[in-house]
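In our numbering, the protein residues as written are -19 to 61. Cβ coordinates follow ideal geometry from the N, Cα and C atoms, glycine included. The structure presented is a predicted model; accordingly, all values stated were derived computationally and were not measured. Data first, discussion second: the structure below is written as structure tokens.
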């Protein structure tokens, strides 16, 4: 099953690659993205529970060097405040 994920900072769509995800809008990169699903079956229906865990402490946003020439990366929380 395909799960659409969205950035908690700007609402842009996340593209997941392995254990990481990156926002297509603000270019924030998230580490340790875990997606799990559990199926519960009853006599009539099957319910699918999905959970997503994202390590927001390790979120980074790549900033163009013309804006911040001294640093290429800053924590996303600083940029999005």
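Can you list, in chain order, the residues of its chain with a C-beta nearer than 7 angstroms to that of residue i? Leave out the 5 residues immediately preceding and following it.
i	result
residue 31	16
residue -15	-6, -4, 1, 32
Out of the options, which has the shortest C-alpha to C-alpha gap to residue i?
i	options	result
residue 34	26, 10, -8, -3	10
residue -10	4, -2, -1	4
Excluding five sequence neighbours on each side, which residues of the same chain lie with their C-beta closer than 6 angstroms to the C-beta of residue i?
i	result
residue 27	20
residue 14	33
residue 29	18
Taking the beta strand (DSSP E) that residue i falls in, what are its first and last residues?
i	result
residue 20	8 to 21
residue 0	0 to 3
residue -5	-6 to -3
Tell me which residues share the same chain as residue i and place their Cβ nearer than 8 angstroms to its Cβ, disregarding the 5 neighbours each side in the sequence.
i	result
residue -8	-14, 3, 4, 5, 6
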